[in-house]
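Asks: For the record, in the sequence shown the residue sitting at position 156 is 190 according to the working numbering, with numbers rising by one throughout.
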Amino acid sequence: MYDVSALKELLKEPKEVMITTHHKPDADALGSSLGLAGYLKKKGHRVTVVTPSDYPSFLNWMSGNDDVIIYSEKNDALVQRIISESQVIFCLDFSNLSRINEMGEYIRAASGTKVLVDHHLHPEDFAQLQFSNTNAAATAEIVYDLIKDMGDGDLIDTFIGECLYAGIMTDTGSFRHPSTSPNVHLIIADLLNVGVKTSNIHRLIYDSSSELRLRFLGYALKEKLVVLQEYHTAYFAITAEELKAYDSKTGDTEGLVNYALSIEGIVFAALIIDRSQAVKMSFRSVGDFSANEFARDHFNGGGHKNAAGGMSLDSLEATVQKFESLLPQYKEQLQAVAQNS
Ligand code: 5GP
Ligand code: MN
Numbered sequence: 035m036y037d038v039s040a041l042k043e044l045l046k047e048p049k050e051v052m053i054t055t056h057h058k059p060d061a062d063a064l065g066s067s068l069g070l071a072g073y074l075k076k077k078g079h080r081v082t083v084v085t086p087s088d089y090p091s092f093l094n095w096m097s098g099n100d101d102v103i104i105y106s107e108k109n110d111a112l113v114q115r116i117i118s119e120s121q122v123i124f125c126l127d128f129s130n131l132s133r134i135n136e137m138g139e140y141i142r143a144a145s146g147t148k149v150l151v152d153h154h155l156h157p158e159d160f161a162q163l164q165f166s167n168t169n170a171a172a173t174a175e176i177v178y179d180l181i182k183d184m185g186d187g188d189l190i191d192t193f194i195g196e197c198l199y200a201g202i203m204t205d206t207g208s209f210r211h212p213s214t215s216p217n218v219h220l221i222i223a224d225l226l227n228v229g230v231k232t233s234n235i236h237r238l239i240y241d242s243s244s245e246l247r248l249r250f251l252g253y254a255l256k257e258k259l260v261v262l263q264e265y266h267t268a269y270f271a272i273t274a275e276e277l278k279a280y281d282s283k284t285g286d287t288e289g290l291v292n293y294a295l296s297i298e299g300i301v302f303a304a305l306i307i308d309r310s311q312a313v314k315m316s317f318r319s320v321g322d323f324s325a326n327e328f329a330r331d332h333f334n335g336g337g338h339k340n341a342a343g344g345m346s347l348d349s350l351e352a353t354v355q356k357f358e359s360l361l362p363q364y365k366e367q368l369q370a371v372a373q374n375s
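Okay, here's the thing in structure tokens:
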């Protein structure tokens, strides 16, 4: 349900607002949150952005970044207080409260009005207002449209625009994925008009690797890439020791899975990483092979049709074994997709 008048009514007077987004925020999660925060502040609301975990340092240039509260056990009481005192709680770029760890149950129990703004499949029904559009390329696209639909398009300035641009640019794979609609390009044209320096944002996000991050990429490509042509599948499995050896920081493995998908004939790719507490998985696919269903059915995850994630509490070896053992049942499907792409 896309009820802008209900949102207008909710926000007609200044309110205590909290915005949160998913675990390990990416550029869309953080950009849509800070873009929305910038707008709501201009409307006179008191806005606090709280993330359930830290995020990559290549996102820390966004306007409002310095005021973001990153949840940890140490500030649990503070975050609980913010949640319980917020009159409006925006949940951005995730569709299930389990994606925000401890904060999920705090928010479920909170009395403030919950507003979901998201583009993931299968939204959980926990919010009073839902702006969920699985066809949107990015949550930042929905935020942009919402601000326009609220009649406030003129409040989108360079700072808000930069945050929204980062979200749309990254979630469309720099305007490559099929989600890159005419609306996306029209929004970008408008963001250019308000002064967003798009090439700077590309550099800030994509050209800011440490030397070790790049060497890790080289190592992974040379030593860790497994290509299963029979199943049109390729994957990387990375151990906790390897992450340590390359001093891997949050965000350093982002984008790695796409290299596996870039091989000719490959239509399904995975990145399987031992994050110590759990094995985290990223899935990418092309065409009609649903990474989302694969993640949901086997690895307790979800996401979008062609980009999803999941996790496993088994060891890295056992997880890789399970992953490989699942492929035969998808063989025909993968073959068909490979033939059509
Ligand atoms: P990534 O592989 O880049 O971490 O995530 C790809 C997509 O899947 C993103 O839209 C992300 O929000 C979603 N995603 C990643 N991990 C999980 C997960 O464990 N559960 C669910 N439901 N979605 C996930
Ligand atoms: Mn997103």
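Note that the Cβ used here is the ideal one computed from N, Cα and C, for glycine as well.
Note that the structure is predicted; figures quoted are calculated from it, not measured.
Given R80, which residues of its chain have a CB within under 6 Å of its CB, disregarding the five upstream and five downstream residues?
Replies: Closer than 6 Å at Cβ, skipping near neighbours: E50.
Asks: Could you pull the start and end residues of the beta strand (DSSP E) that R249 belongs to?
Replies: It is not in any beta strand (DSSP E) - R249 instead sits in the alpha helix (DSSP H) that spans 245 to 253.
Asks: Measuring CB to CB, does A271 end up less than 8 Å from I306?
Replies: Yes. Within cutoff.
Asks: At a cut-off of 7 Å, would you count T173 as near the ligand MN, judging by its Cβ distance to the nearest heavy atom?
Replies: The answer is yes for T173.
Asks: Taking Cβ to Cβ, would you say A61 is nearer than 8 Å to G289?
Replies: In this structure, G289 does not lie closer than 8 Å to A61 by Cβ.
Asks: Compare the Cα-Cα distances from G336 to each of Q114, G252, L155, H219 and report the closest residue.
Replies: Comparing Cα-Cα distances from G336 to each of Q114, G252, L155, H219, the minimum goes to L155.
Asks: Would you say the beta carbon of H57 is closer than 7 Å to some non-hydrogen atom of the ligand MN?
Replies: For the ligand MN, not one heavy atom lies less than 7 Å from the Cβ of H57.
Asks: What number of angstroms, rounded off, separates the C-alpha of E327 from the C-alpha of L93?
Replies: Rounded to the nearest angstrom, the two C-alpha atoms are 29 Å apart.
Asks: If we call anything under 8 Å between Cβ atoms a contact, is Y293 one with L246?
Replies: For Y293 and L246, no; Cβs fall outside 8 Å.
Asks: Please go through the segment 104 to 183 and give each complete beta strand (DSSP E) segment of 3 or more residues, from N-terminal end onward.
Replies: Complete beta strand (DSSP E) runs here, min 3: 122 to 126, 147 to 152, 163 to 166.
Asks: Where DSSP assigns a beta bridge to K314, which residues make up the other side?
Replies: Paired residue(s): I307, M345.
Asks: Which residues share a DSSP beta bridge with F270?
Replies: In DSSP, F270 forms a bridge with L259, L305.
Asks: Assuming S97 and L68 form a contact by the criterion Cβ under 8 Å, report the distance between their Cβ atoms to the nearest whole angstrom.
Replies: About 6 Å separates the two Cβ atoms, so the contact holds.
Asks: In its own chain, which residues sit with a C-beta less than 7 Å from the C-beta of G138, not counting the 5 before and 5 after it?
Replies: Result list for G138: L131, S132, in chain order.
Asks: Would you mind working out which of F165, N169, A171 sits nearest I181, comparing C-alpha positions?
Replies: Minimum Cα distance to I181 is reached at F165.
Asks: Which term fits N340, buried or exposed, when burial requires 16 or more other beta carbons within 10 angstroms of its beta carbon?
Replies: Answer is buried; the Cβ neighbour count reaches 16.
Asks: Quick one: complete alpha helix (DSSP H) runs, 4+ long, within the segment 210 to 241?
Replies: Counting whole runs of 4 or more residues, the segment 210 to 241 contains the alpha helix (DSSP H) stretches 216 to 227, 232 to 240.
Asks: Among Q162, D183, E358, Q369, which has the Cα closest to the Cα of K42?
Replies: If we check each option's Cα against that of K42, D183 comes out closest.
Asks: Should S316 be counted as a contact of the ligand COA given a C-beta to heavy atom distance under 7 Å?
Replies: The model depicted lacks the ligand COA and carries the ligand 5GP and the ligand MN instead.
Asks: Based on the DSSP output, what are the partners of V84 in its beta bridges?
Replies: Answer is T54, I103, bridged to V84.
Asks: Would you check whether the ligand MN has a heavy atom nearer than 7 Å to the C-beta of D376?
Replies: There is simply no residue 376 to check, as the chain begins at 35 and stops at 375 in what is shown.
Asks: Do the segment 99 to 119 and the segment 232 to 250 meet, that is, are 3 or more Cβ pairs less than 8 Å apart?
Replies: In short, these stretches do not touch, since the Cβ pair count stays below three.
Asks: Would you kindly work out how many angstroms separate the C-alpha atoms of L360 and T353, rounded to a whole number?
Replies: Roughly 11 Å separates the two Cα atoms.
Asks: What are the boundary residues of the alpha helix (DSSP H) that L361 is part of?
Replies: First-last for L361: undefined, no H or E at that position.
Asks: So, does the segment 313 to 325 touch the segment 355 to 372, judging by three or more C-beta pairs under 8 Å?
Replies: Yes, the segment 313 to 325 is in contact with the segment 355 to 372.
Asks: So the alpha helix (DSSP H) F323 belongs to, where does it begin and stop?
Replies: No alpha helix (DSSP H) contains F323, which DSSP labels as neither H nor E.
Asks: How about M345: is its Cβ closer than 7 Å to a heavy atom in the ligand 5GP?
Replies: Checking the Cβ of M345 against the ligand 5GP gives yes.
Asks: Less than 7 Å separating the Cβ of G285 from some heavy atom of the ligand 5GP?
Replies: G285: no, Cβ never under 7 Å from the ligand 5GP.
Asks: Does the beta-carbon of F357 have 16 or more other beta-carbons within 10 angstroms, so that it is buried, or is it exposed?
Replies: The residue in question, F357, is buried, as its Cβ has 16 or more Cβ neighbours within 10 Å.
Asks: Quick check on the DSSP output: the alpha helix (DSSP H) that includes E196 runs from which residue to which?
Replies: From DSSP, the alpha helix (DSSP H) with E196 extends over 192 to 205.
Asks: CB of H153 to nearest heavy atom of the ligand MN: below 7 Å?
Replies: Checking every heavy atom of the ligand MN against the Cβ of H153, one is found closer than 7 Å.
Asks: With three or more beta-carbon pairs closer than 8 Å as the criterion, would you say the segment 264 to 283 touches the segment 234 to 241?
Replies: Contact fails: fewer than three Cβ-Cβ distances are below 8 Å.
Asks: By how many angstroms is the C-alpha of T206 removed from the C-alpha of Y364?
Replies: Cα-Cα distance, rounded: 26 Å.
Asks: Give the range of the alpha helix (DSSP H) segment to which L74 is assigned.
Replies: First-last of the alpha helix (DSSP H) with L74: 61 to 76.
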